[in-house]
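Here's the structure we're looking at; comments come further down.
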Amino acid sequence: MNLLDGKLVSAKIKEDIKIEAAQFTAQAGRKPHLVAILVGNDGGSETYVASKMRNCELVGFESTNIRYDVDITEAELIEKINEINQDPTIDGLIVQLPLPKHIDPDKITEAIDHRKDVDGFHPINLGRMQRNLPCFIPATPYGIMLMLEYYGIETAGKKAVVVGRSNIVGSPMSILLARNSQPGNCTVTLTHSRTANLKEEVLSGDIVVAAIGRKNFVTAEMVKEGAIVIDVGINREDSTETKSGFKLYGDVDFEAVAKKASWITPVPGGVGLMTIVGLLKNTLEAAKGAIYAK
Ligand code: NDP
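Counting from 1, one number per residue, gives the positions in the sequence shown under full-length UniProt numbering.
Structure follows, in structure tokens:
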């Protein structure tokens, strides 16, 4: 078994981003700038946004965290998004999900200017991704592709099974793996809670991407000998063993599956760190006008 080491790869790519950010700052007279809007005080969301902000600082970006109480109206939020869309000193905008029930996440996603949509959730970016055109790719699948690329893993002709079809992970992952690119050129099966014979489907995968949200869902008997296993899941459980008071578990039973896999990502230390890298790369590309001209 070989480890797909998110710690190592993310550190290396962040070094490159830092150099490019310094070049941008020297030329533009300002740093690449990411704004993150956080509504309410969901514990997980707070941790993710704090980590995104911290990583921006680390690579030399400016970052702004705008916080709203849980009772902000949809109209007020859209008004703020419109204001940011017009601001030439802001390159990227993300609105942390989930949002409170009275706010429609689709409306919010579509309100963001697709040229600043560094989460890659806007339908224009999703459509362009499907057509293999330059676009912002959702950060988690982007990070996974960067990791496969870093390790030079040949994916062409392989059968990939993605478990989970969310708009932010599973669905875009299935599109990227099927595209005519390297990594890519896989024959992809996208599975979900209504899939018949899920175990047999996963067993047929040379590459398995688990994005379900259930601790240790993918067991050793579901995985083919020699498979490449990517664990996206982040499942938090209270723990007295850690300083933070919780412990993270993936969607894959790591100990058992690692014995069969040729490559596997750990949790923590795998996909989560690469997601941040995906976001940072998108923000840098937005600042440089590399995807959409400024
Ligand atoms: P969602 O809850 O949006 O989607 C989960 C998917 O899993 C759905 O498509 C669902 O199917 C499917 N699913 C649920 N139960 C089963 C089952 N028993 N059998 C087969 N499929 C099932 O989750 P996300 O995609 O947003 O996230 C998935 C996991 O990844 C979570 O643990 C999340 O915390 C983590 N995550 C990690 C990130 C990182 O940076 N590492 C980033 C984003 C998410 P259906 O559509 O039929 O309901």
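Cβ coordinates follow ideal geometry from the N, Cα and C atoms, glycine included.
Residue j beta carbon less than 8 Å from that of residue i
i	j	result
D251	A211	yes
M129	I81	no
residue 298	D253	The displayed coordinates of the chain run from 1 to 294. Any statement about residue 298 would go beyond what the structure contains.
Y150	V9	yes
H33	D119	no
K14	L58	yes
L4	M145	no
P105	V70	no
G143	V277	yes
L198	K224	no
A178	I207	no
I37	Q86	no
S171	N132	no
V267	V218	no
I94	L280	no
T155	C135	no
T140	T275	yes
Candidates the options, of which the one nearest residue i by Cα
i	options	result
residue 325	M173, H192 and T189	Lying before the first or after the last residue shown, residue 325 is absent from the chain, which here runs from 1 to 294.
P138	V271, L190 and M1	V271
A21	I37, T242 and C56	C56
S45	G226, L177 and R67	R67
K214	G164, N197 and I17	A quick correction: the sequence has Arg, not Lys, at residue 214. With distances taken between Cα atoms, R214 lies closest to G164.
R30	K18, I291, A287 and G152	A287
H102	A75, R115, A111 and H114	A75
S244	N2, Q27 and G43	G43
M1	K294, Y249 and K259	K259
L284	S63, T47 and A50	S63
I291	A196, G157, I124 and T195	I124
A261	K247, I234, E200 and M222	M222
E98	K116, R115, N167 and G157	Here the sequence assigns Pro to residue 98, which means Glu is not the residue at that position. For P98, the nearest C-alpha among the options comes from N167.
K116	K247, T140 and I84	I84
G289	H114, A50 and K247	H114
K294	H122, G157, V49 and A28	A28
Supposed close pair residue i, residue j - CB separation, criterion 8 Å
i	j	result
I264	V229	4 Å
residue 295	V232	Residue 295 lies beyond the residue range present for the chain, which begins at 1 and ends at 294; the question has no answer from this structure.
T109	G60	T109 to G60, Cβ: 28 Å. No contact.
N41	M53	The Cβ separation is near 16 Å, so there is no contact.
A111	I72	That belief does not hold up - the Cβ atoms of A111 and I72 are roughly 14 Å apart, past 8 Å.
residue 298	K159	With the chain covering only 1 through 294, there is no way to say anything about residue 298.
Enclosing beta strand (DSSP E) for residue i [first to last residue]
i	result
Y249	F246 to Y249
L93	G92 to V95
K159	K159 to V163
L38	H33 to V39
A211	Here A211 belongs to no beta strand (DSSP E), and DSSP marks it neither H nor E.
R131	Note, R131: premise wrong, no beta strand (DSSP E); not H, not E.
D16	From DSSP, D16 is part of no beta strand (DSSP E) but of the alpha helix (DSSP H) over G6 to A28.
T187	T187 to T191
Opening and closing residue of the alpha helix (DSSP H) in which residue i lies
i	result
Y142	A139 to Y150
D231	Here D231 belongs to no alpha helix (DSSP H); instead the beta strand (DSSP E) covers I228 to D231.
L203	L198 to L203
N82	E74 to Q86
E57	G43 to V59
E285	V271 to K288
S181	No alpha helix (DSSP H) holds S181; DSSP gives it neither H nor E.
I66	Where I66 is concerned, there is no enclosing alpha helix (DSSP H), although the beta strand (DSSP E) it sits in stretches over E62 to Y68.
T242	That residue, T242, is in no alpha helix (DSSP H); it is neither H nor E in DSSP.
V257	F254 to A258
D106	P105 to A111
Residue i Cβ short of 7 Å to the ligand MN heavy atom set
i	result
V271	Although the ligand MN was asked about, the structure shown includes only the ligand NDP as ligands.
Three CB pairs or more closer than 8 Å across the region 233 to 242 and the region 186 to 206: no
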